[in-house]
Amino acid sequence: MASTPIQPYGDLDSTLRAMAGRAEGFGRLAIGGLHGPLYLVTSVSDDGPGSLREGCRKKEPLWIVFEVSGTINLSSYLSVSSHKTIDGRGQRIKLTGKGLRLKECENIIICNLEFEGGRGHDVDGIQIKPNSRNIWIDRCSLRDYDDGLIDITRQSTDITISRCYFAQHDKTMLIGANPSHVADRCIRVTIHHCFFDGTRQRHPRVRFGKVHLYNNYIRNWEIYAICASVEAQIYSQCNIYEAGAKKKAFEFYTEKAEDREHQESGFIISEGDMLLNGAQPCMPPESKEESMFHPSEYYPTWTMEAATDSLREVLQLCAGWQSICRPVDNML
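Position one of the sequence shown corresponds to residue 1 (UniProt numbering), numbered consecutively onward.
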């Protein structure tokens, strides 16, 4: 009899603000709008009274919830200021047109939203740059944007992406801007219990940063699953890599950092990963494990299990937007 997969965050929906400070991994300090009042989104208009944009621009901490369901068609990026929780539990909210921009902010939680159909140059579903930190993105569904679904660049760090669903996309997730931006060596990201469903590449692609991947399901990519570019350190634990026509799971791109004399790629440690349908790690002959970070250097525990068929089935059901009730707010 197959064991039941152990899911993280079992009591997260017991009360509204139980999420605050509960992320696993590098984003564990994100408390969002814990210490602020509720802000009720009562309109799916792009702007104006009761809109999401109006709440996100306010400077004080806010826990933003929705009284309505529907599609918010954004005419421009929606900038999110510090100390905000955007909590879509209890409704079905889809953002389209543009995306969220997390610029020079901290303490952000984004939960249970859908992102689809972002159009325009440099339009991401969630764009995190520059200098943003302590961010948690949980249970969001993202698909079909003109640039990235989630991009993390320009010294943004201490971020967790959990239980998200990614589909119908090319350049899914970029971490680290370009080889000239060496300050991105500070970037640290955890990605866990996510489902990348037929997206072409970048699950993620990383430059410079430290990334911990565990218990994710990546299937039917078209170029590669994950990529380590210049100085990147990717720790891949107990993930499921199921190939389609393209079998190379791990890619290594060589680039030259602006402050270095020679080109180099990044590093990937694969521990307990499940490779299906002929997926190949294609690791380079030289491994520099001594240069790699270990997640336990930064956080003591995380909820992880072996990569199994049972885990694969659960991730297909539990990643992305969920039809769940909005929990009671004990602070009222």
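For each residue, glycine too, the CB sits at the ideal point set by N, CA and C.
Open item on the list: Tell me the residue span of the alpha helix (DSSP H) that contains Gly320.
Closed with: Counting along the chain, Gly320 falls outside any alpha helix (DSSP H), and DSSP gives it neither H nor E.
What is the rounded straight-line gap between the Cα of Ala20 and the Cα of Gly36? 12 Å
Residues of its chain near Ile93, where Cβ-Cβ distance is below 6 Å and the 5 sequence neighbours each way are ignored:
Phe66 and Leu113
DSSP on Met1, reduced to helix/strand/coil?
With a pLDDT of 37 at Met1, under the threshold of 50, the predicted position of this residue should be treated as unreliable, and no value is reported.
> Is it buried or exposed for Leu102, if we count other Cβ within 10 angstroms and need 16 for buried?
Replying inline: buried
Review point. Would you call the region 155-165 and the region 53-63 in contact, with 3 or more CB pairs under 8 Å?
Key: no
For Lys246, I'd like the list of residues in its chain whose CB is within less than 8 Å of its CB, leaving aside the five on either flank, ordered along the chain.
Trp221, Glu222, Ile223 and Tyr224
- Going by beta carbon distance, what residues of the same chain come within less than 8 Å of Ser291, once the five residues before and after it are set aside? Gln233 and Phe267
>> I'd like to know if the region 312-324 and the region 254-272 are in contact, where contact means that at least 3 CB-CB pairs between them fall below 8 Å.
In response: no
(Q) Taking the beta carbon of Pro61 as the centre, do at least 16 other beta carbons fall within 10 Å, making it buried, or is it exposed? (A) buried
Consider the Cβ of Thr301: report whether some Cβ of chain B lies at a distance smaller than 8 Å.
Considering every chain present, this structure includes no chain B. It has just one protein chain.
Segment contact flag, the region 291-306 with the region 144-153, C-beta cutoff 8 Å, min 3 pairs: no
- Item | Sequence-distant residues of the same chain with beta carbon closer than 6 Å to Leu100, five excluded per side | Leu78, Val80 and Ile126
Problem set entry | Strand pairing of Met173, partner residues [DSSP] | Ile150
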